[in-house]
Amino acid sequence: MFIRRIALLSFCVLLAACSKVNQENYAKLKAGMTKAEVEALIGEPTECAGAIGLTSCTWGDEKTSISVQYAGDKVMMFSGNGLK
Numbered sequence: 159m160f161i162r163r164i165a166l167l168s169f170c171v172l173l174a175a176c177s178k179v180n181q182e183n184y185a186k187l188k189a190g191m192t193k194a195e196v197e198a199l200i201g202e203p204t205e206c207a208g209a210i211g212l213t214s215c216t217w218g219d220e221k222t223s224i225s226v227q228y229a230g231d232k233v234m235m236f237s238g239n240g241l242k
């Protein structure tokens, strides 16, 4: 039982370390990128909302996140929070 707990804890630590929501990938974002290009870089968004051709998507959680605003299919603006 103890070994399973250690294995699970190790897996969780490795999973967190492999997050694509980081400073390195944030630095690769550019205005004009398509949604597909952004998702290839940082994965599927945690949430998206929008209306009338404008969409805002967020990756990450309350401590570490990247937010991207799209006009149509193109990145208009983006911001990051707590990135390492």
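Using my numbering, you'd call the opening residue of the sequence shown number 159 and step up by one each time.
Yeah, the Cβ is synthetic: ideal placement off N, Cα and C, and Gly gets one too.
Computed from a prediction, not measured in an experiment: that's the story for all the values here.
Check whether residue i and residue j have beta carbons under 9 angstroms apart
i	j	result
glycine 218	glutamine 181	no
methionine 191	lysine 232	yes
threonine 213	tyrosine 228	yes
valine 226	valine 179	no
cysteine 215	lysine 193	yes
alanine 198	methionine 235	no
glycine 240	glycine 211	no
Residue i - containing alpha helix (DSSP H), residue span
i	result
valine 196	193 to 200
Residue i - DSSP class collapsed to helix/strand/coil
i	result
glutamate 205	strand
asparagine 180	coil
lysine 188	coil
Residue i CB to nearest heavy atom of the ligand SAH below 8 angstroms
i	result
cysteine 215	As far as ligands go, the structure on display features none, and thus does not contain the ligand SAH.
Burial state of residue i (16 or more Cβ within 10 Å)
i	result
isoleucine 200	buried
cysteine 206	exposed
isoleucine 224	buried
For this session: Identify every run of the beta strand (DSSP E) within the region 207 to 239, keeping only runs that are complete inside it and at least 3 residues long; order them along the chain.
Result: Counting only runs of at least 3 residues, the region 207 to 239 fully encloses the following beta strand (DSSP E) elements, listed from N- to C-terminal order: 212 to 218, 223 to 229, 232 to 239.
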